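*Asks:* The sequence shown begins at 1 in full-length UniProt numbering and counts up one residue at a time.
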Amino acid sequence: MARRLTAWVDYALALAVLLGAWWFATGPMAMPTYLLPSPLRTWNALAGIAASGELWLHLGFTLQNIVLGLALGCVAGVALAFLMTRFPKLAVWLDGPLVILQTAPKIALAPLFIVWFGFGVLSKVILIFSLVFFPVFIGAIAGFRALDPKMKDLAKLLGLSNIQRFRQIELPSAMPEIFVGLKIGAVQALVGAVLAEWMSGKFGLGYMMTFAGATYKTPLLFAAVLVTVLVGLAMHVVLTILENRLLSWKGAKK
């Protein structure tokens, strides 16, 4: 509890410093509004789109894509990592193709995803999936490979089936590394969702930024950026809470 309280205090102090610098730049420094709108003007723009319901429409669309891409990328990354640790020959065959896919710039491939899969949700989810998959995969394969061989012997002595062994021993042991990859993947998912909405579509926080920039509505642009930052922070908090609950046994063990 003390550690969580300290973290919240740190977040609050960082936010206060940021808001103070923002107010100083738009107040005493008198920066032009078209370059940097004041916190009040940004808040008014945010309150306006929230009251009209426009914010919730775009926010819901972005969150939907993030959740779908994050879930698919997590499941696929963990599944492939498990198969490659269980079947070493598969790892030999897939190492080369995976390295090639990993080094390919996903951001540069984003327009191709739109050409291949259209302007709808599918192209956006696939882009997010491609950004989430590799961090989760790397974390999961590190976790599975770090499993103590004695635990495998224990599973044999207990007569556990492959599914029971995976659920009760292998997956829980790899969870810390999986969550490391998942937290990185969550950031990538948010970036991918906004990028995809920049390039195509008429919904989402990325589209709001594009529209605000094209129409020179700087307060609206900053409001959309602020909402995106808050979404990123919320995702981090949710994953941290989930990690603490799923890995509570680790703290108890210590």
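For every residue, glycine included, the Cβ atom is placed at its ideal position computed from N, Cα and C. Here the structure is a predicted model, which is why all the values come from computation and not from measurement.
Is D32 helix, strand or coil when you go by DSSP?
*Replies:* This sequence places Pro at residue 32; Asp is not what is there. Three-state DSSP puts P32 in coil, outside helix and strand.
*Asks:* Between R165, V191, V9, which has its C-alpha nearest F129's C-alpha?
*Replies:* Considering only alpha carbons, the answer is V191.
*Asks:* Which same chain residues end up closer than 6 Å to S200 when comparing Cβ atoms and leaving out the 5 residues on each side of it in sequence?
*Replies:* These residues qualify, in order along the chain: I114, F119.
*Asks:* Do A110 and A196 have their C-beta atoms closer together than 8 Å?
*Replies:* Yes. Within cutoff.
*Asks:* The alpha helix (DSSP H) spanning F137 covers which residue range?
*Replies:* F137 -> alpha helix (DSSP H) spans 121-145.
*Asks:* Compute the Euclidean distance between the alpha carbons of K254 and A25, then round it to the nearest angstrom.
*Replies:* Model confidence at K254 stands at a pLDDT of 43, short of 50, so the residue's coordinates are unreliable; what they give is reported in the following sentence. Going from the Cα of K254 to the Cα of A25 covers about 48 Å.
*Asks:* Quick check: what's the CA-CA separation for A50 versus L239?
*Replies:* So the two alpha carbons sit approximately 26 Å from each other.
*Asks:* Between T210 and the rest of its own chain, which residues show a CB-CB distance below 6 Å, the 5 nearest in sequence each way excluded?
*Replies:* Excluding positions up to five away in sequence, the list reads W198.
*Asks:* So, with DSSP's three-state summary, where would you put L233?
*Replies:* Helix, per DSSP.
*Asks:* Leaving out five residues on either side along the sequence, give the residues of the same chain with a beta carbon under 7 Å from the beta carbon of T85.
*Replies:* Here the set comprises I141, F144, R145.
*Asks:* Flag this pair as touching only if the region 92-101 and the region 167-186 have three or more C-beta atom pairs under 8 Å; answer yes or no.
*Replies:* With a cut-off of 8 Å, the region 167-186 and the region 92-101 do not count as touching, because too few Cβ pairs lie within range.
*Asks:* Classify D153 as helix, strand or coil using the three-state DSSP reduction.
*Replies:* DSSP places D153 in helix when its eight states are reduced to three.
*Asks:* Between G73 and I138, which are expected to be in contact by the criterion C-beta below 8 Å, what is the C-beta distance as a whole number of angstroms?
*Replies:* Not a contact, Cβ separation roughly 12 Å.
*Asks:* Below 8 Å, can you find three or more Cβ-Cβ pairs linking the region 218-234 to the region 28-46?
*Replies:* At 8 Å Cβ cutoff, the stretches touch.
*Asks:* For V121 versus L70, is the C-beta distance shorter than 8 Å?
*Replies:* Their beta carbons are not under 8 Å apart, which means V121 does not touch L70 by this criterion.
*Asks:* Please report how far the alpha carbon of D95 lies from the alpha carbon of L68, in whole angstroms.
*Replies:* D95 and L68: Cα-Cα distance of roughly 26 Å.
*Asks:* Just to check my reading of the structure: L59 and V227 have Cβ atoms closer than 8 Å, yes? What is that Cβ distance to the nearest angstrom?
*Replies:* About 7 Å separates the two Cβ atoms, so the contact holds.
*Asks:* Just reading off the alpha helix (DSSP H) that G60 is part of, what are its end residues?
*Replies:* First-last of the alpha helix (DSSP H) with G60: 54-86.
*Asks:* Which residues bound the alpha helix (DSSP H) around R167?
*Replies:* Neither: R167 is in no alpha helix (DSSP H) and is coded neither H nor E.
*Asks:* When burial is assigned at 16 or more other CB atoms within 10 Å of the CB, is S123 buried or exposed?
*Replies:* So S123 counts as buried.
*Asks:* Hey, G185 and V136 are a contact pair by Cβ (cut 8 Å); roughly how many whole angstroms apart?
*Replies:* Indeed they touch by this definition, with Cβ atoms about 5 Å apart.
*Asks:* Nearest-angstrom Cα distance between L46 and G206?
*Replies:* If I take the Cα positions, the gap works out to 15 Å.
*Asks:* For L247, which residues from the same chain have a beta carbon less than 7 Å from its beta carbon, with the 5 sequence-adjacent residues on both sides left out?
*Replies:* If we look at L247 and ignore the five residues flanking it on each side, its Cβ neighbours are M175, P176.
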